[in-house]
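Heads up, the sequence shown is in full-length UniProt numbering, so the first residue is 1 and it goes up one at a time. Ideal Cβ positions, reconstructed from N, Cα and C, are used throughout, including at glycine. Notes follow once the structure below has been shown.
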Amino acid sequence: MEIAKRLRPFGVKILATKRNWSSNTVSCDLDGLVDKKGGPEDMYELVREADIVITCMTLNNESVGIVDHKFLSALKKGSYLINIARGRLLDYMAVFNHLESGHLGGLGIDVAWTEPFDQEDPILKFPNVIITPHVAGITE
């Protein structure tokens, strides 16, 4: 919810999914912060409305590769994907193919599919890809 707090002043419409909204452990006032809430079953509906998708979820057996061909195809053409969580949330080939086709407008990642990151990774050939070495959260 910290990301939503930081984006709200820019007039961003916040769409968010969470496994269970009633078990909110985040200490923030959600009223007026999230415009549209959904569960995992609403994921594809919500990404169809998004211009920018930010993944900030835990990596577990259910979430490995969750950003796959079906997910990316549900995005509006030209949408941006930002992954600040774990590299393995993204299906590498699906992301590569959607960048190559132009469906995905851009990719920003602060995590890699493999550690250490391969500096010759073909995904870096795209001019609309930005990668940082796991330091995007550092503000000082």
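Pick from the options that is closest to residue i, judged by C-alpha positions
i	options	result
A16	P9, A4, F10	A4
N97	P122, P116, I109, L89	P122
V34	K13, D68, I66, L89	K13
I130	M43, P116, L72, G105	G105
P133	F126, T114, K125, P127	T114
A74	V47, Y80, R86, L59	V47
D91	G11, D68, K77	D68
P9	R88, L107, K18, G32	G32
N61	L89, K18, N128, P116	L89
P116	M93, N128, P127, G87	G87
E45	L107, K70, E2, L7	K70
N128	V135, E120, A112, E100	E100
Beta-bridge partners of residue i, as assigned by DSSP
i	result
V67	L90
I131	I109
L124	Partner(s): none; L124 has no beta bridge.
N61	N61 pairs with nothing; no bridge assigned.
V53	L81
G38	T17
Where residue i sits in the DSSP three-state scheme
i	result
K76	coil
V47	helix
V95	helix
L104	strand
A112	coil
K5	helix
F10	helix
Assumed close pair residue i, residue j - CB separation to whole angstroms, cut-off 8 Å
i	j	result
I84	D110	5 Å
H103	L72	7 Å
V64	L81	Incorrect: roughly 17 Å between the Cβ atoms, too far for contact.
D51	K77	That belief does not hold up - the Cβ atoms of D51 and K77 are roughly 11 Å apart, past 8 Å.
W21	K36	No, W21 and K36 are not in contact; Cβ-Cβ is about 12 Å, not under 8 Å.
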